[in-house]
Amino acid sequence: MAACTPTPGETTAEMPSPQTILARSRRPLHFLTPPAVATTLLLAALAALLVFGLIGVSVAKEFEAYHGYVWVPRLLVVVSAILIATVLGHLLRRRLFRN
């Protein structure tokens, strides 16, 4: 909040707005843009799905009654791992080949 208080001899009308300060900064906050936040939430949800699938595989292997259903959590693990790899690959390609 120090940037929002006027310095001695400066009026509040002469103070730069927070948008102006962010626009003039050398490194804008790219990690707070809506696509970055959405991608982070997507990766977190896919990671949670992967962990849920791994727990499901261990439970299905533990109880003999569920041995026939072990394919469901395995499918969750495979699909979530493929999607995580795809999203991370896209992010890396975008970061490495950005102009």
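Under the working numbering, think of the first position of the sequence shown as 35, with each following residue one higher. Every residue, glycine too, gets a C-beta built ideally from N, C-alpha and C.
Of the residues assessed, Val111 falls on the buried side of the cut-off, its CB having 16 or more other CB atoms within 10 angstroms.
Nearest neighbour of Leu117 by Cα position, chosen from Pro69, Ala81, Ala94 and Leu130, turns out to be Ala81. Judged by beta-carbon spacing, Val91 lies within the 7 Å limit of Arg108, meaning their Cβ atoms are closer than that value. Where Ala79 is concerned, the enclosing alpha helix (DSSP H) starts and stops at Pro68 to Glu96.
Counting every other CB atom within 10 Å of its CB across the protein chains shown gives Ala70 a total below 16, marking it as exposed.
Note on Ala78: under 16 other CB atoms within 10 angstroms of its CB, so exposed under the neighbour-count rule. Note on geometry: alpha-carbon atoms of Pro68 and Leu126 lie some 18 Å from one another.
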